[in-house]
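So the structure is just underneath, and the comments pick up after that.
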RNA sequence: CGGGGCGUGGCGCAGCCUGGUAGCGCGACGGUUUUGGGUACCGUAGGUCGUAGGUUCGAAUCCUAUCGCCCCGACCA
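Numbering (this note's numbering), first residue to last: 2 to 467.
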């Protein structure tokens, strides 16, 4: 939607891309009044009801326009923060040859979760669940010197894990969209800095997405590794049980200046955010947890939205990814990998931000910046005022969603609340008589009456600040 | 993969036990209503009842097989 533009700059939507506004009468937004019976958790129900996704088969979804827009917004933020941290975007394929996986030894280890396919020549292929093998193959083919390091490559691509039992909509699908990145470093110390740098960059990414994601010590699982943290969003429907010191939820990364090449600075941030007790059930230790003051001990559930690993030379040894160092010795590179579940984040954000009427999008990821509700479609003054608002917002680079359907006010409000745009401008003949429209916050429900010009200025101001 | 359940118009459901070729609500469409939080009324269209066999004069309904989907558990990001 922004032409795939990847820029580390922030500073508001104006620089990011031209607004793409929409009239609801011309959009494709198939909202449902009733909840489809297959959906159990709130994010899945709301995504179906708000016309964001349609299930294609178990754990596989089509992304309808509204859902697609949110997915792309999240992707864009992830890209921006990756590039800001000095990581380099690329794209690897979804289908991979089994040969590389035999080389790493994971073809047999991965088990039934790997979707295996045979092509017409009888070659064994697979739909990639992750990309360590591919990236290592690329690295060893093209990188031979320590002078080329450090290097961190990443991509955002669809992956597939053939879950026995997909559920919770996009939160645990079989096909999922994920950012995965891989760092290559000469030494363990350098690789650990890459680890720290990723942790910092993830903190910033999740905050921009409107989430509080807590880094927690985790089990390395089948990827294998020495060091790993998972980022968890607290939500009742989370799949993981988590234990933490409540002091950690007071920490905010904010908009602090950070030099991603500064080893000490990155380490300090990591230490700040991992000093408190925060672990998933996999690594939870009651005796250590007991040292946390009792009134700060929390036991909750969380949704995993990201994970970072340092795994040393596991793949470089197995696959011969080496460089020549200053002493002309051939040494295996130290690697790590890092993932953010982009499609899963759509569900996670809704789990963390909704009410009984629908979704409440954080400003950073909302599919449209604000809604315009025309209370009396066909009324010359109301129509004209809405058209002017629509044009004025668009001119400022904002994307309004204008409900210009010939519906009753109640229906329009209900749709807006369900879809969850953070701001709504309500326009009706009654207000226009005294020259005002109403600006309403979806989150707080509070309304203010303003002139149309002031409402536009206020919304522009809000988005310029994020 | 173990246990349970469900497939009937776009969505939510009834009908199945006690066979007689399909019904309700929402939505859609056309009207009337001009309505400031899913208004009311009138009307219209839309379904080979997941699929394939079988039993029967006759199957959404009974039997068999098969496919799909959901829930609990184990597993997993």
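All C-beta atoms in this analysis are idealised placements derived from N, C-alpha and C, irrespective of residue type, glycine included.
These numbers were taken from a predicted model, which means no experiment stands behind them.
Assign residue i to one of three DSSP states: helix, strand, or coil.
{"i": "residue 94", "result": "coil"}
{"i": "residue 375", "result": "strand"}
{"i": "residue 197", "result": "helix"}
{"i": "residue 457", "result": "helix"}
{"i": "residue 120", "result": "coil"}
{"i": "residue 182", "result": "strand"}
{"i": "residue 424", "result": "strand"}
{"i": "residue 225", "result": "Annotation note: pLDDT 48 at residue 225 (below 50); position unreliable, no value reported."}
{"i": "residue 389", "result": "helix"}
{"i": "residue 354", "result": "coil"}
{"i": "residue 285", "result": "coil"}
{"i": "residue 68", "result": "helix"}
{"i": "residue 170", "result": "helix"}
{"i": "residue 311", "result": "strand"}
{"i": "residue 306", "result": "strand"}
{"i": "residue 467", "result": "coil"}
{"i": "residue 205", "result": "helix"}
{"i": "residue 410", "result": "helix"}
{"i": "residue 361", "result": "coil"}
{"i": "residue 301", "result": "strand"}
{"i": "residue 260", "result": "coil"}
{"i": "residue 108", "result": "helix"}
{"i": "residue 31", "result": "coil"}
{"i": "residue 384", "result": "helix"}
{"i": "residue 42", "result": "coil"}
{"i": "residue 274", "result": "helix"}
{"i": "residue 79", "result": "helix"}
{"i": "residue 292", "result": "coil"}
With a threshold of 7 Å (Cβ to nearest heavy atom), would residue i be considered close to the ligand FAD?
{"i": "residue 343", "result": "Of ligands this structure carries none, so the ligand FAD is not represented either."}
When DSSP builds the beta bridges, which residues end up paired with residue i?
{"i": "residue 448", "result": "441"}
{"i": "residue 55", "result": "63"}
{"i": "residue 23", "result": "402"}
{"i": "residue 279", "result": "245"}
{"i": "residue 419", "result": "Per DSSP, none; premise fails for residue 419."}
{"i": "residue 217", "result": "231"}
{"i": "residue 177", "result": "160"}
{"i": "residue 89", "result": "154"}
At the level of alpha carbons, what is the spacing between residue i and residue j?
{"i": "residue 54", "j": "residue 61", "result": "10 Å"}
{"i": "residue 418", "j": "residue 290", "result": "41 Å"}
{"i": "residue 424", "j": "residue 369", "result": "9 Å"}
{"i": "residue 213", "j": "residue 434", "result": "43 Å"}
{"i": "residue 99", "j": "residue 125", "result": "5 Å"}
{"i": "residue 168", "j": "residue 174", "result": "6 Å"}
{"i": "residue 22", "j": "residue 89", "result": "31 Å"}
{"i": "residue 412", "j": "residue 216", "result": "41 Å"}
{"i": "residue 428", "j": "residue 403", "result": "11 Å"}
{"i": "residue 451", "j": "residue 432", "result": "9 Å"}
{"i": "residue 228", "j": "residue 153", "result": "18 Å"}
{"i": "residue 421", "j": "residue 443", "result": "7 Å"}
{"i": "residue 405", "j": "residue 111", "result": "52 Å"}
{"i": "residue 244", "j": "residue 119", "result": "44 Å"}
{"i": "residue 71", "j": "residue 288", "result": "42 Å"}
{"i": "residue 436", "j": "residue 390", "result": "13 Å"}
{"i": "residue 449", "j": "residue 372", "result": "15 Å"}
{"i": "residue 183", "j": "residue 430", "result": "57 Å"}
{"i": "residue 454", "j": "residue 467", "result": "21 Å"}
What residues in its chain sit with their C-beta under 8 Å from that of residue i, if we drop five residues either side in the sequence?
{"i": "residue 379", "result": "407"}
{"i": "residue 259", "result": "201, 205, 266, 267 and 270"}
{"i": "residue 210", "result": "75, 78, 346, 350, 363, 365 and 366"}
{"i": "residue 273", "result": "252"}
Spatial neighbours of residue i within its chain, please: C-beta separation below 6 Å, excluding the five flanking residues on both sides.
{"i": "residue 122", "result": "none"}
{"i": "residue 308", "result": "231 and 340"}
{"i": "residue 247", "result": "297 and 299"}
{"i": "residue 49", "result": "37 and 40"}
{"i": "residue 239", "result": "302, 303 and 304"}
{"i": "residue 456", "result": "426, 438 and 440"}
{"i": "residue 326", "result": "147 and 332"}
{"i": "residue 197", "result": "267, 268 and 271"}
Considering only residues of the same chain and omitting the five flanking positions on each side of residue i, which have a CB-CB separation below 7 Å?
{"i": "residue 353", "result": "212, 234 and 236"}
{"i": "residue 108", "result": "99 and 102"}
{"i": "residue 321", "result": "141"}
{"i": "residue 132", "result": "93 and 181"}
Going residue by residue through the stretch 110 to 166, where are the continuous beta strand (DSSP E) segments of at least 3 residues, counting only ones entirely within it?
116 to 119, 125 to 128 and 152 to 161
Entirely enclosed beta strand (DSSP E) segments - the stretch 316 to 347, minimum 3 residues:
323 to 325, 331 to 333 and 335 to 342
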